[in-house]
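Numbering of the sequence shown is given in UniProt numbering, commencing with residue 1 and proceeding in unit increments. Every residue, glycine too, gets a C-beta built ideally from N, C-alpha and C. Remember, it's a predicted structure, so these values are computed and weren't measured experimentally. Here's the structure, in structure tokens; my notes come after.
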Amino acid sequence: MSELTHKKVHNYFKLNGYHLNAKDLCRVGYSFIKEGDAYERAIGEFFLDWFDKKDYIEMTTSGTTGLPKLVRLEKQAMIQSALATGDFFGLKPGDRALLCLPTQFIAGKMMLVRSLILGLDIDVISPSTEPFAYNSKQYDFAAMVPLQVQNSIDKLSNVKKLIIGGAKIDSALEAKLIPLNLEIYETYGMTETITHIAAKKVGERAFSILPNVRIETDDRGCLVIFVSSISEEPIVTNDLVELVNEKQFVFLGRIDNVINSGGVKLIPEQIEAKLTGRIENRFFVTGIPDTVLGEKLILVIEGEKYDFSADFFDVLGKFEKPKEIVFVPKFKENENGKLLRKPSLD
């Protein structure tokens, strides 16, 4: 079998129900750029970039592994990523897919790449916060950010396999998803890794890595990722993890979020996991400056103020119990629905 190239479109590929080849897609791209809505213009620009002579696409990173920066992603590496996703999730030619993410970012681009390479029948719609508001079709595969999932709880059965990325699934959302008993996966990845390099079914503890990925931890306990098809250099993250084995890891939290309270290091994400299902509203824990402890742990809850019973925090360890509870009318988020902890307190 000859090596797949970015110029080759799978015979089964469809865009909004139409079989299109590379020349067709370039024509569609020009039309989208000239006459389309904003989301269609972004799709048009992607098609023209994908089928041009360059062997790379330029992207701005999200800042997960440092400050946002411009990176070049090799098209061949994007193809290998698409193949790995297809293998991991058992996608096959002719499967129906939904693109409801903005194509300006890597997640939206990769939904198109997977469709072109794997031969998916993809529908593209405007990337709204409610992708199923006017759409009752059934799909084999879709990708969403947590905010879209939150707004589509009663319609998720329309998707056989759903992947969620762009931001971590918070404990409150996960508690709603687990009882649905659907094939819903939280993914782990970033622009530098060409979207996800690992995934786990909601409710499971450990992420499993995709084919051709290798992982280890550095001296901080943070995840280091090796993907030879993407980069000769290791990708060093700021994510604290526990390695279960050579193919699985448990995400503990961001090293940037760790609270040093009186010399005790507390990982907010681990405390939040213990409170899952006990607090109805969205919440998070964080540290704020304290003259005695250096930092004191507080619980921040979205919504109206209410009281807690005396034993409510008995599920937490001695040092994990919040010193203060703060209520905030509305949390701040980025465009992917990722909770912004510190800004939510301003």
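The criterion of a C-beta distance shorter than 8 Å is not satisfied by Thr187 and Ile106.
Counting along the chain, no alpha helix (DSSP H) covers Thr291, and no H or E run does either.
Excluding its 5 nearest sequence neighbours in each direction, Ile197 has C-beta neighbours in its own chain below 7 Å: Tyr188, Gly189, Ile209, Leu210, Val213, Ile225 and Val227, listed in chain order. Apart from sequence neighbours up to five positions away, no residue of its chain approaches Arg27 with a beta-carbon distance below 8 Å.
Residues of the same chain with a CB within less than 6 Å of the CB of Ile169, apart from the 5 flanking positions on each side, are Pro146 and Glu186 in chain order.
In the three-state reduction of the DSSP assignment, Phe132 falls in the coil class, being assigned neither a helical nor a strand state. Residue state for Tyr30 is assigned as helix, using DSSP reduced to three classes. For a cut-off of 8 Å, the C-beta gap from Met144 to Met110 is around 13 Å, too long to register as a contact.
Within 10 angstroms of the beta-carbon of Asp95 lie 16 or more other beta-carbons, which makes it buried. Rounded to whole angstroms, the gap between the alpha carbons of Phe308 and Lys318 is 17 Å.
Between Gln150 and Leu180, the C-beta spacing is not below 8 Å. Taking 8 Å as the cut-off, the beta carbon of Val315 is found no closer than this to the beta carbon of Leu297. Exclusion of the five residues before and after Ser126 leaves Tyr39 as the residues of its chain whose Cβ lies within less than 6 Å of its Cβ. In the DSSP assignment, Asp87 falls within the unbroken alpha helix (DSSP H) covering Lys75 to Phe89. Going by beta carbons, Asn16 and Val124 fall inside the 8 Å limit. Judged by DSSP secondary structure, Arg254 falls within the beta strand (DSSP E) whose first and last residues are Gln248 to Arg254.
Following the DSSP letters along the chain, one finds Ala38 inside the alpha helix (DSSP H) bounded by residues Ala38 to Trp50. Put simply, of Glu74, Arg278, Leu275 and Leu293 the residue whose alpha carbon is nearest the alpha carbon of Ile259 is Leu293.
By the CB criterion at 8 Å, Gly287 and Glu295 fall inside the cutoff. If you check the CB distance, Leu299 and Ile325 come in under 8 Å. For Glu174, no beta strand (DSSP E) segment is defined; the enclosing uninterrupted segment is the alpha helix (DSSP H) at Ser171 to Leu177. Judged by DSSP in its simplified three-state form, Leu345 adopts helix. Val224 sits in a strand when the DSSP states are folded into three classes. Here Thr187 is bridged, per DSSP, to Ala199. Arg72 has Glu58 as its beta-bridge partners, per DSSP. With respect to the 8 Å criterion, Ala142 and Leu120 are not classified as neighbours on the basis of their beta carbons. Taking C-alpha positions only, Arg220 is separated from Ala273 by approximately 22 Å. Every unbroken stretch of the beta strand (DSSP E) spanning 3 or more residues and falling wholly within the region 94-140 is given here in chain order: 96-99 and 121-124. Asp55 is positioned such that its CB atom lies no closer than 8 Å to that of Lys69.
Secondary structure at Ala143: strand, using DSSP grouped into helix, strand and coil. Residues of the same chain with their beta carbon placed closer than 6 Å to that of Asp52 are lacking, with the five preceding and five following residues left out of the count. Excluding five sequence positions before and after Arg41, the CB atoms of its chain that fall closer than 8 Å to its own CB belong to Phe32 and Ile33, given in chain order. Per the DSSP secondary-structure output, Ser208 pairs in a beta bridge with Ala199 and Gln248. DSSP places Thr276 in the coil class of the three-state scheme, outside both helix and strand. Put simply, of Asp37, Lys92, Met59 and Leu345 the residue whose alpha carbon is nearest the alpha carbon of Thr193 is Met59.
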